[in-house]
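Here is the structure we will look at, set down as structure tokens.
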Amino acid sequence: MAQARSFGCATVDVSKGDPKDQIEQILGVPEVDCGVDAVGFEARGHGKEAATERPATVLNTLMDVVRAGGAIGIPGLYVTGDPGAADPAAREGSLSLRFGLGWSKSLAFFTGQCPVMRYNRQLMMAILQDRVSIARNVNATPIPLEEAPRGYQEFDRGAAKKYVLDANGVLGAKR
Ligand SMILES: NC(=O)c1ccc[n+]([C@@H]2O[C@H](COP(=O)([O-])OP(=O)(O)OC[C@H]3O[C@@H](n4cnc5c(N)ncnc54)[C@H](O)[C@@H]3O)[C@@H](O)[C@H]2O)c1
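Start counting the sequence shown at 89; every next residue gets the next number (the working numbering).
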């Protein structure tokens, strides 16, 4: 969250109570125009439930906080089956979704693999013209190839970084 705030985002801490209350403190209303699920089926609970799988929690929260007629983008991954899931339904890829809420609010849902080629050129131009600083925002950190195992481990543990493997030293990764 500190990383997100460093480039101008306002953050909501879902472990500190109902996101609607925190959204209201920021916006004056307890809802947003649209939401992005960038977590997917690997979502976890909070506090005492931090170790518990909660594959539907992000989608249910978004249906709650997005205004009627709004939209939810879902780049976060959902699977057709999750053999290791704790809940038998989730093993079959079924989630406990409060879909009636989303339907009754006429929400639009967009899912699937990100169409990166569609945005490539605009993003490239925005970067070249210093309108966005994606490398700084995602804390891009070049590392030499031999440090890749450490990079993967830290990323798995949730480091607020995107590691870039600098195999030939062009990016000046520190050894
Ligand atoms: N659609 C696509 O083309 C596409 C592309 C890239 C990544 N993805 C998917 O996007 C998702 C995120 O990828 P990533 O690389 O950023 O993963 P990541 O593990 O770095 O980020 C996931 C974040 O979600 C947080 N989280 C877990 N449970 C939560 C909850 N209940 N509420 C709020 N936050 C919670 C974690 O703390 C973590 O910071 C994955 O499912 C990945 O497969 C999809």
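Ideal Cβ positions, reconstructed from N, Cα and C, are used throughout, including at glycine.
Q: Output yes or no for whether 8 Å exceeds the beta carbon distance between residue 161 and residue 198.
A: yes
Q.
Going by the DSSP bridge assignment, what does residue 251 pair with across the sheet?
A. 229
Q. Nearest to residue 248 by CA position, among 237, 232, 226, is which residue?
A. 226
Q: Please look up how many angstroms separate the CB atoms of residue 126 and residue 143, rounded, as I've assumed it's under 8 Å.
A: With a Cβ gap of about 15 Å, residue 126 and residue 143 do not count as contacting.
(Q) For ligand 1, is there any heavy atom lying closer than 7 Å to the beta carbon of residue 145? (A) yes
Q: Mind checking which residues open and close the alpha helix (DSSP H) that includes residue 239?
A: 236-244
Q.
Within 8 Å of any Cβ in chain C, is that where the Cβ of residue 106 sits?
A. Given the protein chain composition of this structure (a single chain), no chain C is represented.
Q) Run through DSSP, which three-state label would residue 180 get? A) coil
Q. Using the beta-carbon count (16 or more within 10 Å), is residue 167 buried or exposed?
A. exposed
(Q) Quick check: is any heavy atom of ligand 1 less than 7 Å from the C-beta of residue 228? (A) no
Q.
With the cut-off set at 8 Å, would you say residue 169 and residue 150 are in Cβ contact?
A. no
**Q.** Rounded separation between residue 181 and residue 262 - CA only
**A.** 42 Å
Q: Can you say whether residue 195 is buried or exposed, counting buried as having 16 or more other CB atoms within 10 angstroms of its CB?
A: buried
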